[in-house]
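**Student:** Sequences listed follow chains A and B, in order. Per the working numbering, the first sequence starts with residue 88, numbered consecutively. Per the working numbering, the second sequence starts with residue 15, numbered consecutively. Cβ coordinates follow ideal geometry from the N, Cα and C atoms, glycine included. Structure in structure tokens, see below.
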Amino acid sequence: MTVVADAKQVGGTLSVERVVKRFGEATALGGVSLEIKAGEFFTLLGPSGCGKTTLLRIIAGLELPDQGRIVLLGKDLTGLPANQRPVNTVFQSYALFPHLSVYENIAFGLRSRRMAPAEVERRVKYGLEILQLEKFAARLPHQLSGGQKQRVALARALVNEPQVLLLDEPMSALDAKLRAEVQIQLRRLQQQLGLTFILVTHDQDEAMAVSDRIALMRVGHLEQSGTPDEVYEHPRTRFAAEFLGAANLLRGKRVPGGLEVSFGRLILPQTPAWEEGSVAIRPERVQLRDTEPRQNGLRVRVREAVYRGAYQEAWLEPCDLRIRTGPHPALRVGQELWAELPPQALVVLEE
Amino acid sequence: MHRLNPLVRTVALVTLAFLYLPMLAIAILSFNRTRYGLQWNGFTTDWYTRLLQNAEILEAARNTLVLAVVSTLVATVLGTLLAIALERYPWGRRSRGWLDNLLYLPVVTPDIILAVALVVAFGALRAISTLFEPGLLTMILGHVTFQIAFVALTVRSRLKSLGRDLDEAARDLYADYSYFVRRVLLPLLAPGIVAGAMLAFTLSLDDFVISFFTAGPTSQTLPLFIYASVRRGVTPEIHALSTLIFLATVLLVLASERLTRR
């Protein structure tokens, strides 16, 4: 018995069309367009001030865009106030009503629409059940832990069967261990309910762990979007390469068949469009060898090595190459060896 | 931990004594059998009994209570609305600063200035309607004018501490404004509203200056009665009456403080 089972059918495509938002002189969003599919776990990722929260608030109806439209299933929501949108939000602060019990908090969105008491009870019970909150139904918010509050906020939004659930940094108040747990639960819940989730976060690990697709944002515009592996493996820009995980950037000049860098010539998987520019390689894609590799080899010396248990991290000279490799054998500072930068691991960045 | 100089403690105690001894003296004298002078002549509660049999005093007490209750009700409603409007309407930064000053001004304006202004205003209004003849109505209006700012300030500080998240959460959860006000805003503001109302009530109960200037011949209040009687000589009945008013005020202030702290 699931009250939101038919959400798979009703949840629809959400279009963000050229949305512009200014606050006084500052431009928070400079014409952002997005297409979010039904049943998708979509993440708006970016550093603070990139406009991700503003975009979420515009979708929720808590903020009006200066230009552009928000369209859900072909219906224009742009001018609709928040209380008339089939969209619910989990706030960063959770914003639980402090004077209402967990039960009444969850029932709030149902009662405000004057739903029949029997239906209210059924849905609240369901909400309590899927988020394992039955035991806490009578408690007040201040009697709950951070994780429990977050589950109440989630239940309070979900029982309304929104077509889109918006989550504004919902895990920022949780400690690291709990956060990892909640990420998995959130992902499972979203798949089980088949709802469209839009998550806002600045945490790239979190984005990678839960999302079907990620939109990376930077100062009011969309930098790149795609599945987590697309964005991670094929960052288009330097910002994308550095924001999602660590990246080594190598600058050089284009030459026939490759790239001329400070330490030699690299073979590239594709010819860059620029004359002079950068390529990126992830630390874990750099291979260490005892003998000179056939191509893209570099004689290096270990400048610094950090043992991290499951792996080790090292910085190599020359050109401060950062690598990540298995913990054995241990690298020693001063040790000399060969590094291979496989062509298929090199990503040509746009200038 | 710093050891406090014993002198500081002594000064503090002396200061407190200075503040409370006159009240204590009056409270003690209100139980003194002596009618004139300060000599202790045995304990009695006669003065309190007589107080309750004095028709003039009872009439004044009734007026004081009606005045305090009605003006507090009006000021609480208006002050609460004012606080919500000042705090939640998207004013510009500049106009918000001005509005803040406007709200504080009545609190620091000397009562006598406000009283004179009211006399002038009512004088002008009498040209339009006889409603503004000095009496209970003009007194109520006068009290409301100084009570509003106190209510608004108390309610506003409570509003500030609530933040705006709850407004947004309620809107996100399909609540229209009136549902939000009934179900979220008023319940959460209640301690602030009650505290503001109690403060306003106390101020009205004790007010002399505004009442003196706006009262009519039939609207004597307790403070006005005490003032008139004292000119004829202080009697133990006045001591008893003052003690009762003081007690009522203390109780209200304590209750108001308890609610604000919650």
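Which residues in the same chain as residue 106(A) place their Cβ atom closer than 8 Å to its Cβ, once the five residues preceding and following it in sequence are excluded?
**Tutor:** Taking the first residue of the first sequence as 1, we reach residue 106(A) at position 19. So the list reads 116, 118, 119, 120, 142, 145, 152, 154, 155, 156 and 157, once near-sequence residues are dropped.
**Student:** 8 Å is my cut-off, CB to CB: does residue 198(B) come that close to chain A?
**Tutor:** Here residue 198(B) is taken as the residue at index 184 of the second sequence, counted from 1. Yes, residue 198(B) lies at the interface with chain A (some Cβ there is under 8 Å from its Cβ).
**Student:** Is the region 200-215 of chain B in contact with the region 81-92 of chain B, if contact means three or more CB pairs nearer than 8 Å?
**Tutor:** At 8 Å Cβ cutoff, the stretches touch.
**Student:** Along the region 202-224 of chain B, where does the CB come closer than 7 Å to a CB of chain A? Name the residues.
**Tutor:** Under the 7 Å Cβ criterion, the region 202-224 of chain B contributes 202.
**Student:** As an exercise, report each continuous alpha helix (DSSP H) stretch of at least 4 residues that is fully enclosed by the region 129-199 of chain B, in chain order.
**Tutor:** Listed in chain order, the complete alpha helix (DSSP H) runs (minimum 4 residues) inside the region 129-199 of chain B are 150-176, 179-186 and 191-194.
**Student:** If residue 209(A) and residue 188(B) are in contact, beta carbons under 8 Å, what's the gap, nearest whole angstrom?
**Tutor:** Numbered from its first residue, the first sequence carries residue 209(A) at position 122. Numbered from its first residue, the second sequence carries residue 188(B) at position 174. Actually they do not touch by this definition, with Cβ atoms about 18 Å apart.
**Student:** Quick one: give me the first and last residue of the beta strand (DSSP E) that residue 425(A) is part of.
**Tutor:** Taking the first sequence and counting its residues from 1, one reaches residue 425(A) at position 338. Element bounds for residue 425(A): 423-427.
**Student:** In terms of residue numbering, what span does the alpha helix (DSSP H) encompassing residue 31(B) cover?
**Tutor:** Within the second sequence, numbered from 1, the residue matching residue 31(B) stands at position 17. Run containing residue 31(B): 20-43, per the alpha helix (DSSP H) assignment.
**Student:** Evaluate contact between the region 400-416 of chain A and the region 385-392 of chain A, counting only Cβ atoms and requiring at least three cross-stretch pairs below 8 Å.
**Tutor:** In short, these stretches touch, since the Cβ pair count reaches three.
**Student:** Do residue 242(A) and residue 176(A) count as a contact pair if the criterion is CB distance below 8 Å?
**Tutor:** Position 89 of the first sequence, counted from the first residue, corresponds to residue 176(A). Position 155 of the first sequence, counted from the first residue, corresponds to residue 242(A). The answer is no: Cβ separation not under 8 Å.
**Student:** Hey, does residue 383(A) have any beta-carbon neighbour from chain B nearer than 8 Å?
**Tutor:** The residue labelled residue 383(A) in the question sits at position 296 within the first sequence. Not one chain B Cβ lies under 8 Å of residue 383(A).
**Student:** Comparing the C-beta of residue 182(B) with each C-beta of chain A, is any distance below 8 Å?
**Tutor:** Walking along the second sequence from the start, residue 182(B) turns up at place 168. For residue 182(B), the answer is yes, since a Cβ of chain A falls inside 8 Å of its Cβ.
**Student:** Is residue 302(A) helix, strand or coil by DSSP?
**Tutor:** Here residue 302(A) corresponds to residue number 215 of the first sequence, with the count starting at 1. Here residue 302(A) sits in strand by DSSP.
**Student:** Using Cβ-Cβ distances below 8 Å, what residues of the region 134-166 of chain A are close to chain B?
**Tutor:** The region 134-166 of chain A vs chain B, Cβ under 8 Å: 147, 148 and 149.
**Student:** Measuring only the C-alpha atoms, how far is residue 192(B) from residue 28(B)?
**Tutor:** Sequence index remark: in the second sequence, residue 192(B) carries index 178 (1-based). Sequence index remark: in the second sequence, residue 28(B) carries index 14 (1-based). Residue 192(B) and residue 28(B): Cα-Cα distance of roughly 53 Å.
**Student:** Would you kindly work out how many angstroms separate the C-alpha atoms of residue 130(A) and residue 182(B), rounded to a whole number?
**Tutor:** Taking the first residue of the first sequence as 1, we reach residue 130(A) at position 43. Taking the first residue of the second sequence as 1, we reach residue 182(B) at position 168. Roughly 22 Å separates the two Cα atoms.
**Student:** Excluding sequence positions up to five away, which residues of its chain have a Cβ less than 7 Å from the Cβ of residue 218(B)?
**Tutor:** Indexing the second sequence from 1 puts residue 218(B) at position 204. Excluding positions up to five away in sequence, the list reads 81, 82, 85, 86, 157 and 161.
**Student:** Using the DSSP secondary-structure output, state which residues sit across from residue 402(A) in a beta bridge.
**Tutor:** Counted from its first residue, the first sequence places residue 402(A) at position 315. DSSP lists 391(A) and 409(A) as partners of residue 402(A).
**Student:** Quick check on the DSSP output: the beta strand (DSSP E) that includes residue 312(A) runs from which residue to which?
**Tutor:** To locate residue 312(A), count along the first sequence from 1; it is residue 225. Segment 308-313, the beta strand (DSSP E) holding residue 312(A).
**Student:** Specify, as a first and last residue, the run of the alpha helix (DSSP H) that residue 352(A) falls within.
**Tutor:** Position 265 of the first sequence, counted from the first residue, corresponds to residue 352(A). First-last for residue 352(A): 351-354, but that is the beta strand (DSSP E), not the alpha helix (DSSP H).
**Student:** Quick check: is the beta carbon of residue 180(A) nearer than 8 Å to any beta carbon in chain B?
**Tutor:** As a first step, residue 180(A) is located in the first sequence; it is residue number 93 there, counting from the start. Answer yes: the Cβ-Cβ gap between residue 180(A) and chain B drops below 8 Å somewhere.
**Student:** Taking only the alpha-carbon atoms, compute the straight-line gap between residue 33(B) and residue 123(B) and give it to the nearest angstrom.
**Tutor:** Start at 1 with the first residue of the second sequence, and residue 33(B) comes out as number 19. Start at 1 with the first residue of the second sequence, and residue 123(B) comes out as number 109. Those two C-alpha atoms are separated by around 24 Å.
**Student:** Residue 187(B) CB to nearest chain A CB: under 8 Å?
**Tutor:** Residue numbering aside, residue 187(B) sits at position 173 when the second sequence is read from its first letter. Yes - at least one Cβ of chain A is within 8 Å of the one on residue 187(B).
**Student:** Closest by CA to residue 299(A), which one among 205(A), 431(A) and 283(A)?
**Tutor:** Here residue 299(A) refers to the residue found at position 212 of the first sequence. Ranking the options by Cα distance to residue 299(A), first place goes to 283(A).
**Student:** Do residue 170(B) and residue 269(B) count as a contact pair if the criterion is CB distance below 8 Å?
**Tutor:** Taking the second sequence and counting its residues from 1, one reaches residue 269(B) at position 255. Taking the second sequence and counting its residues from 1, one reaches residue 170(B) at position 156. No, the Cβ-Cβ distance between residue 269(B) and residue 170(B) is not below 8 Å.
**Student:** Under a three-way DSSP split, which group does residue 235(B) fall into?
**Tutor:** For this step, residue 235(B) is matched to residue 221 along the second sequence. Of the three classes helix, strand and coil, the one that applies to residue 235(B) here is coil, per DSSP.
**Student:** Taking any Cβ of chain B, which residues in the region 117-133 of chain A have a Cβ under 7 Å from it, in chain order?
**Tutor:** Those would be none; no residue qualifies.
**Student:** Taking C-beta pairs closer than 7 Å, name the residues in chain B that residue 176(A) reaches, listed in chain order.
**Tutor:** Along the first sequence, read from residue 1 onward, the residue named residue 176(A) stands at position 89. Those are 186, listed as they occur along chain B.
**Student:** Is DSSP giving residue 94(A) helix, strand or coil here?
**Tutor:** For the purposes of this step, residue 94(A) is taken as residue 7 along the first sequence, with counting starting at 1. For residue 94(A), the predicted structure reports a pLDDT of 40, less than 50, and the residue's modelled location is therefore unreliable. A value from the coordinates is still provided. Residue 94(A): helix per DSSP, three-state reduction.
**Student:** Going by the beta-carbon positions, is the gap between residue 205(B) and residue 246(B) smaller than 8 Å?
**Tutor:** Within the second sequence, numbered from 1, the residue matching residue 205(B) stands at position 191. Within the second sequence, numbered from 1, the residue matching residue 246(B) stands at position 232. Not a contact, by the Cβ cut-off of 8 Å.
**Student:** When the distance is taken between beta carbons, is residue 263(B) closer than 8 Å to residue 216(B)?
**Tutor:** Indexing the second sequence from 1 puts residue 216(B) at position 202. Indexing the second sequence from 1 puts residue 263(B) at position 249. Contact: yes.
**Student:** Output the distance between the C-alpha atoms of residue 90(A) and residue 294(A), rounded to the nearest integer angstrom.
**Tutor:** Here residue 90(A) refers to the residue found at position 3 of the first sequence. Here residue 294(A) refers to the residue found at position 207 of the first sequence. Residue placement at residue 90(A) is poorly supported in this model, since its pLDDT is 40, which falls under 50; the coordinates still yield a value, given next. If I take the Cα positions, the gap works out to 28 Å.
**Student:** With the cut-off set at 8 Å, would you say residue 332(A) and residue 369(A) are in Cβ contact?
**Tutor:** Translated into the one-based positions of the first sequence, residue 332(A) becomes position 245. Translated into the one-based positions of the first sequence, residue 369(A) becomes position 282. Yes. Within cutoff.
**Student:** In angstroms, rounded to a whole number, what distance separates the CA positions of residue 375(A) and residue 425(A)?
**Tutor:** Within the first sequence, the letter at position 288 stands for residue 375(A). Within the first sequence, the letter at position 338 stands for residue 425(A). Going by the C-alpha atoms only, they are around 6 Å apart.
**Student:** Would you decide whether residue 448(A) is buried or exposed? Buried here means 16 or more other CB atoms lie within 10 Å of its CB.
**Tutor:** The structure shown does not extend to residue 448(A), since chain A is modelled only from 88 to 438, so the question has no answer here.
**Student:** So residue 129(A) is in the beta strand (DSSP E); what residue range does that whole segment cover?
**Tutor:** For the purposes of this step, residue 129(A) is taken as the residue at position 42 of the first sequence. Counting along the chain, the beta strand (DSSP E) containing residue 129(A) begins and ends at 128-132.
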